[in-house]
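Residue numbers (my numbering): 16 to 463.
Each residue gets a CB set at the ideal place from its N, CA and C atoms; glycine is no exception.
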Ligand SMILES: [Zn+2]
Ligand SMILES: [Zn+2]
């Protein structure tokens, strides 16, 4: 691979003393109030709260017990660049990421043109090196133009820096094509990430098939559209001993299929989105197009199975599938609206409010799953540990805020959590040792 796996624009290295922050870093076994020193963009020292001495050249921030976590890693976002910059671009997308506490995001290749060749991928990496506020990784397409037929030059894409491959937005419909892609994956490395949907079953649907779709008279997408493809592709991957990742699981049947594949020793992993963990097809009753996404919001039983899968580790990580659309594209009748919701700016707060505060999962598990995306690409986890680059997020868990009330960092507004009262406001995000986001309301830091 040419150069580092993740790229971002250079930023000034931070010199900070975060005094008395509640550090929760499950992998490091940390859950304590500490002082954290960051010098030259690197975590250099942890000490008991109130013990580390301020330094004249470093900014002092009184944490007052606010949460400090390893910054989040999102393995699945759409930055819409190149070609659809009216929806999002590298700057606005990574700005939204940083505002949500993410220090790294992995962008999908369903852009215009599709990232299906090494020169295109290389030039987007170069743009990210100039413009991205957070670290950015790229996936290349599995098939040319996402058409599901001719494979891309996967080895060349790897050579140009692709972390892996996906046709996200579309399934790889032909089992034979997928099998060939997996044979190449074994040769050139990188994960193959799969958006699972059987077009023959999903056809014509704009929401989950169930009572609500029947009541609304909308075409439904049955959950077997996803789960049968997960089972099929897990079997093919097992046969080829290939490495696959299942994107945005949305239903109980898919969780079962992934659990079965893992039981058989398959090299599989899976992700789930905040919206599938928190919302169901009941939220579609109002025909709000922000609730229209692919895969669709499913039943309460499916939602519970996803939560159980997340707890059990069947589902490895949380991904937003941040999918920006322009306002006029979403302000149309439900059936005509494009699928997708934004999610970077609300992921942590929505999950903290909806799952951690009611005691459904604990905070440590949420942080673990929101940082685990790095594993898919065999990258090191972000950690709050001396000697590691500062990739951390400082979060206020007490203040309530209304999502979107003060606008969005993203260029798009199609967030399914927009207007909700949430707890868990990101105040500061460091990515690659530099400040990528600082909340406007964050009080000026006292000079040391
Ligand atoms: Zn998808
Ligand atoms: Zn996607």
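Here's the rule: buried if 16 or more other CB atoms are within 10 angstroms of the residue's CB, otherwise exposed. What is residue i?
i: residue 82; result: buried
i: residue 262; result: buried
i: residue 347; result: exposed
i: residue 191; result: exposed
i: residue 90; result: buried
i: residue 278; result: exposed
i: residue 179; result: buried
i: residue 430; result: buried
i: residue 266; result: buried
i: residue 414; result: exposed
i: residue 373; result: exposed
i: residue 197; result: buried
i: residue 521; result: Beyond the ends of the chain as shown, which are 16 and 463, falls residue 521; an answer cannot be given.
i: residue 214; result: exposed
i: residue 417; result: exposed
i: residue 360; result: buried
i: residue 22; result: buried
i: residue 27; result: exposed
i: residue 237; result: buried
i: residue 339; result: buried
i: residue 202; result: exposed
i: residue 189; result: exposed
i: residue 241; result: buried
i: residue 140; result: buried
i: residue 86; result: buried
i: residue 389; result: buried
i: residue 160; result: exposed
i: residue 80; result: exposed
i: residue 276; result: buried
i: residue 34; result: buried
i: residue 98; result: exposed
i: residue 300; result: exposed
If we call anything under 8 Å between Cβ atoms a contact, is residue i one with residue j?
i: residue 122; j: residue 394; result: no
i: residue 428; j: residue 110; result: no
i: residue 356; j: residue 318; result: no
i: residue 308; j: residue 244; result: no
i: residue 264; j: residue 285; result: yes
i: residue 76; j: residue 31; result: yes
i: residue 103; j: residue 342; result: no
i: residue 446; j: residue 29; result: no
i: residue 78; j: residue 120; result: no
i: residue 200; j: residue 133; result: no
i: residue 129; j: residue 410; result: no
i: residue 439; j: residue 412; result: yes
i: residue 47; j: residue 105; result: no
i: residue 95; j: residue 126; result: yes
i: residue 194; j: residue 255; result: yes
i: residue 54; j: residue 67; result: no
i: residue 358; j: residue 336; result: yes
i: residue 38; j: residue 49; result: yes
i: residue 148; j: residue 24; result: yes
i: residue 57; j: residue 402; result: yes
i: residue 296; j: residue 227; result: yes
i: residue 270; j: residue 324; result: yes
With which residues is residue i paired in a DSSP beta bridge?
i: residue 37; result: 48 and 82
i: residue 410; result: 82 and 441
i: residue 452; result: 444
i: residue 169; result: DSSP output for residue 169 lists no bridge partner at all.
i: residue 222; result: 235
i: residue 260; result: 208 and 284
i: residue 57; result: 54 and 404
i: residue 436; result: 417
i: residue 337; result: 92
i: residue 332; result: 286
i: residue 430; result: 357
i: residue 117; result: 87
i: residue 394; result: In DSSP, residue 394 forms no bridge with anything.
i: residue 126; result: Partner(s): none; residue 126 has no beta bridge.
i: residue 180; result: 155 and 207
i: residue 62; result: 50
Within the present structure, is the beta-carbon of residue i separated from the nearest heavy atom of ligand 3 by less than 7 Å?
i: residue 188; result: Only ligand 1 and ligand 2 can be found as ligands here, which leaves ligand 3 out of the picture.
So which residues put a beta carbon under 5 Å from any heavy atom of ligand 2, going in chain order?
183 and 336
Three-pair Cβ contact test at 8 Å for the region 112–132 versus the region 438–453:
yes
Can you find at least 3 beta carbon pairs, one from the region 329–336 and one from the region 380–390, that sit closer than 8 Å?
yes
I want to know whether the region 248–255 touches the region 215–226 - three or more CB-CB distances under 8 Å.
no
Is the region 139–156 touching the region 166–179, taking contact as three or more C-beta pairs under 8 Å?
yes
Quick check: the region 224–234 against the region 198–208, are at least 3 beta-carbon pairs closer than 8 Å?
no
Is there contact between the region 397–412 and the region 62–69, where contact requires at least three CB pairs shorter than 8 Å?
no
Three or more C-beta pairs under 8 Å: does that hold for the region 355–373 against the region 285–305?
yes
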